[in-house]
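First up is the structure itself, then whatever we jot down about it.
In the numbering used here, the protein residues as written are 244 to 361.
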């Protein structure tokens, strides 16, 4: 476990959360298989509910990355009025939203913050 992981697992429950995640995934696989066999409309509704949860997870990841980029910008260029191209901003938000790894989120944040001239 890396130093970053140790600092985030203050209560020593990372293993427990990983086990819960795996059990949840297997439960969802079973629920999906059952619903696809017996009631396709319910499967669609179930999928919509899962999509909402995934959307919330992605929004949390993107927000974390953007807050990190903001902190970097405030640290290095507190009074800048320069703008970042919207395409780069869009790609960074989209890609960063798919991970919760702090190191990867910091890389996306650094890419955004470094786009502004010194």
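Every residue, glycine too, gets a C-beta built ideally from N, C-alpha and C. Please read all numbers here as calculations on a predicted model, not as lab measurements.
Environment of residue i [buried if 16+ CB atoms lie within 10 Å]
i, result
"residue 311", "buried"
"residue 352", "buried"
"residue 340", "buried"
"residue 336", "buried"
"residue 305", "buried"
Length of the line joining the Cα atoms of residue i and residue j
i, j, result
"residue 313", "residue 356", "7 Å"
"residue 358", "residue 319", "12 Å"
"residue 347", "residue 325", "24 Å"
"residue 291", "residue 297", "10 Å"
"residue 265", "residue 333", "31 Å"
"residue 342", "residue 330", "20 Å"
"residue 309", "residue 323", "16 Å"
"residue 345", "residue 299", "17 Å"
"residue 244", "residue 338", "Caution is warranted here: a pLDDT of 45 is assigned to residue 244, below 50, making its placement in the model unreliable, and the coordinate value is therefore given only provisionally. So the two alpha carbons sit approximately 25 Å from each other."
Three-state secondary structure assigned by DSSP to residue i
i, result
"residue 371", "This structure leaves residue 371 out entirely; the chain is present only between 244 and 361."
"residue 336", "helix"
"residue 318", "helix"
"residue 327", "coil"
"residue 358", "coil"
"residue 342", "coil"
6 Å CB neighbourhood of residue i in its chain, flanking five on each side removed
i, result
"residue 316", "356"
"residue 307", "348"
Cβ shell of residue i (< 7 Å), same chain only, five flanking positions each side left out
i, result
"residue 349", "311"
Residues of its chain near residue i, where Cβ-Cβ distance is below 8 Å and the 5 sequence neighbours each way are ignored
i, result
"residue 302", "340"
"residue 246", "Per-residue confidence for residue 246 stands at a pLDDT of 46, beneath the threshold of 50, marking its modelled position as unreliable; the derived number appears in the next sentence. If we look at residue 246 and ignore the five residues flanking it on each side, it has no Cβ neighbours."
"residue 327", "355, 358, 359"
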